[in-house]
Amino acid sequence: MKLDPKSARSLEFFTAQMVRISRPGMIGLAVMLLVVFGGIYALAVQVIDGHIVTGMRDNVVWGIYIANFIFFIGISYAGALISGILHLLRVPWRAPIIRIAEMITVISTMIGPSYILLCMGRLDRLHHLALYGRIQSPILWDVLAISTYLTGSIIFLYLASIRDLAALRTYPFKSKWRIWLYKFLSVDFNGNAAQNQYLDRALTIMSAIIIPLAILVHSVLAWIFGMTLRPGWHSTIFAPYFVIAAVFSGTGVLIIAMWVFRKVYHLESYITKIHFNYLGIILMILGALYAYFTFSEYLTSWYGSETWEMEVLYKLFDTNEYWWWFFFAAILGVVLPIAVILFPRFRTINSITAVSVIAVLALWVKRYLIIIPTLETPLLPLQDMRPEYIHYKVTPVEWMLTFAGIAMFCLLFFLFSKFLPIVNVVKVTEDRSYGALRQIVADRIIKREVKAFKLKERQKFAH
Amino acid sequence: MEEQKNDQSRRAFFSKTVPAAIGMLGVSGLLAEACKAPEEEEEKVSLLAPDGKLVQVSKSSISPQPVSPQEAREGIPGKKFVMVIDLARCKNARQCVAQCQKMHNQPAEDEWIKVFLMQDSEDTAPYWFPKPCFHCNQPPCVKVCPVGATYKRTDGIVLVDTDRCIGCKFCMTACPYSSRVFQWKEAPKSAESCSQPYSPETSVPSRVGTVGKCDFCPDMARQGKLPGCVTGCPNGVIFFGDKNEDIVSNGSESFRFSELVHDRAGYHFMAELGTEPNVYYLPPVDRLFDYEKGFNDLSDEQVEFYKNSVVKKH
Ligand code: SF4
Ligand code: SF4
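Spelled out as structure tokens, the structure:
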């Protein structure tokens, strides 16, 4: 495939980074590997000793694992919804960030479901799902939805990468396997008009498929809770609530990933303040929607004040129990991002990233607060002398596996970025959108200059 | 004075119910057998344990011939099992719990039938509330099981096949009555439980990483005997029987099921959940015992705990 000089230059820029690992990169890699090995050890302990090593007991039968599961599936929305929608709407500034978004989707959809496996008492009987699967069970819906979603998002990422893979095929790499791999993956794509047309059409279709699929996955997940007769779960708005919370956290993770890669790979000229601004505004709108759902959910159950619902609410509002977590997850984690992004004067790359971190953490805590307080509030009184059966406490094994999941996420991201440029190289220069993006930047700069000039003039007159 | 009143109410109760019971004697073979059940309990037989030693086990803990997996899934033809729990007679003797644990080789902390202390409002009297699995006719636990390890049979019983269960615990979140118990760790295996082939009907031996619960003792029913909790209760609180035959018994008395729940205002616990339980409660009126009797065998700590956990104050 022939590349224009500009694309060739960016290809050069990225391949140089792909083949070499910097010293800090090495250290990071070692740390992540260590944490992953810690997780493997914890997993061995759990398999050998049974689930007694976790904090889960007969009332709180699902703990932090399920919270992690929802969290990871949630952040996978970055690629599915954000990049899908941006693609469909032909948003001009999307080119440099969609690759990151799509990678987030694929990686987190791979890690998320492993937490379900950790929660299963009999991992050795996983094949029973195929042997005796009952389609009436929401768990089966979940299995089907997630596997379809994972397949779909891998296809989406792959299709969106073919142009880059074809470009990489012609690059003189030293290692044989790379040349072979890119040759194999780029399936003879040479960028002629017909191929380009087909590819664009395929991408549009895929992005149209991936959006409803993503919504479905999180709805099914929400229904697992919504369909049980439990206070705090048995709610009709759970599916849209989960979907909104998911896109919110997905956007947050995307912003964080952009910040990290921008620093690590020196992408300042690709990922600019404009990207942060636009995504920040999306984050703010989603935050407002999420706040709206949270408010409706708790207002209706509080006003109706059914005994069971109230018991969960009292726990959330009790300063000795979950109040501070609830405050962080449902109030601070939304108000802060909105407040910072709302005013243009507070918007900087760092401030937007900082509030994204807060939003993502808040959303993790929110998932915890969805699972645990409800399970700690069965309909029958909790008359058990064993304190661990009344209050759930996360054990070291569970923490280790949680951190191992996060480390695995970073590790896979790191590895992916060594195989594929983290920015869509061909697209970013070939695409007219890049020109459009530049236009936007130029317009902005001109506007700012004009404003400053006017201000100066006015000051001059004032004196 | 208190005693006297209790005695009177007990007499009143018997004068109403005994004739009914006598009228029904001999109606069912099941019941005739049931009355003998407690004596048979103590018979011992010798068995060869896996480690080659001869062990003595009570005869009741080995079923004569385990039913086929197919039969264990389908249920006993022509039966519809029901349970009636008379709250007026319960004083937290906890013998149902003990007998159930013995029968299913459960460790002391796993209770398939639990006894709660309930109080509906601060102005009403507390009462003891034994609670097994309700074997619901619309069981949420069966609905959600991804592999059909929990299933509903034609005789109304809901069983768990721990050979099939994958331990996802979805049924535990789905059951609104906290009826399910997870096997969090490997239970110490006794010779008695090992000598027995597994069947969902006996629920023995239990398996780590799977779910267990009250099974209505279908293995006993096949032998024409009553469940362990029924025979274990010294106060005759729990009645068990067949709805088709319209008869329930606690081992020493029997009633027409329809008349009993009709006359004594039988009700379903939390019927509003739509699960249609097969366990009926008779309200705690004209009680035989003061609820505080139930504290007799408990430690101070336990009593304190129970008292604090009824009627949640906010
Ligand atoms: S009481 Fe619970 S476990 Fe028993 S049948 Fe009903 S829902 Fe299932
Ligand atoms: S824990 Fe076992 S019985 Fe319960 S839903 Fe899962 S597979 Fe079915």
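Each protein sequence line maps, in turn, to chains A and B. One gets the working numbering by counting positions in the first sequence from 1 and adding 705 to each. One gets the working numbering by counting positions in the second sequence from 1 and adding 259 to each. The beta carbon of each residue, even a glycine, is placed where N, CA and C say it ideally should be.
B/Pro391 carries a coil assignment under DSSP once its states are collapsed to helix, strand and coil. At a cut-off of 8 Å, the C-beta of B/Lys566 has no neighbouring C-beta in chain A. Bridge partners of B/Met377 according to DSSP: B/Tyr386.
The Cβ atoms of A/Ile987 and B/Trp443 do not sit closer than 8 Å to each other. Secondary structure note for A/Val922: its alpha helix (DSSP H) is the uninterrupted segment 898-931. A heavy atom of ligand 1 is found nearer than 7 Å to the CB of B/Arg439.
If you check the C-beta of B/Ile425 against ligand 2, you find a heavy atom less than 7 Å away.
The region 926-933 of chain A and the region 888-903 of chain A do not touch, with fewer than 3 CB-CB distances between them shorter than 8 Å. Contact note: B/Ala433 reaches chain A through Thr933, using a C-beta cutoff of 7 Å and chain order.
Assignment of beta strand (DSSP E) within the region 778-831 of chain A, counting only whole runs of 3 or more residues, yields no such run. The beta carbon of B/Cys434 sits no closer than 7 Å to any heavy atom of ligand 2.
Taking 7 Å as the cut-off, the C-beta of B/His363 does not count as close to any heavy atom of ligand 1. For ligand 2, no non-hydrogen atom lies closer than 7 Å to the CB of B/Ala367. Between B/Phe564 and B/Val343, the CB-CB gap reaches or exceeds 8 Å. When distances are taken from the beta-carbon of A/His939 to the heavy atoms of ligand 1, even the shortest one reaches 7 Å or more. Within the DSSP secondary-structure output, B/Phe441 pairs in a beta bridge with B/Val470. Beta-bridge partners of B/Phe498 (DSSP): B/Val343. Distances between the C-beta of B/Lys428 and the heavy atoms of ligand 2 include at least one below 7 Å. Look at A/Ser852: its C-beta is not under 8 Å from any C-beta on chain B. In the three-state reduction of the DSSP assignment, B/Arg515 falls in the strand class, which pools E and B.
Distance from the C-beta of B/Pro405 to the nearest heavy atom of ligand 2 is below 7 Å. The alpha-carbon separation between A/Arg762 and A/Asp1023 amounts to approximately 23 Å.
Between the beta-carbon of B/Cys349 and that of B/Ile372 there is about 12 Å, and that puts the pair past the 8 Å contact cut.
Scanning A/Ala800, A/Phe1119, A/Ile812 for the CA closest to the CA of A/Asp869 turns up A/Ala800.
Contact annotation, A/Leu831 with A/Phe953: C-beta distance approximately 32 Å; criterion of less than 8 Å not satisfied.
Boundaries of the beta strand (DSSP E) harbouring B/Lys411: 409-411, taken from the DSSP string. No residue range can be given for B/Tyr457, since it is assigned to no beta strand (DSSP E) and is classified by DSSP as neither H nor E. At a cut-off of 8 Å between C-beta atoms, A/Asp905 does not count as an interface residue with respect to chain B.
Proximity of B/Phe499 to chain A, defined by a Cβ-Cβ separation below 8 Å, is not satisfied.
Interface residue (Cβ-Cβ distance to chain B less than 8 Å): A/Tyr1008 is not classified as such. Burial check for B/Lys402: the Cβ neighbour count within 10 Å reaches 16 or more, so the residue is buried. In this structure A/Ala721 is exposed. Its beta-carbon is surrounded by fewer than 16 other beta-carbon atoms within 10 angstroms. Boundaries of the alpha helix (DSSP H) around A/Ser852: 843-874. Residue side-chain check: A/His980 keeps its Cβ at 7 Å or more from all non-hydrogen atoms of ligand 1. For the region 395-406 of chain B, the residues whose beta carbon sits under 8 Å from a beta carbon of chain A are, in order, Pro399, Lys402, Val403, Cys404, Pro405, Val406. Not a single CB atom of chain A sits nearer than 8 Å to the CB of B/Thr409.
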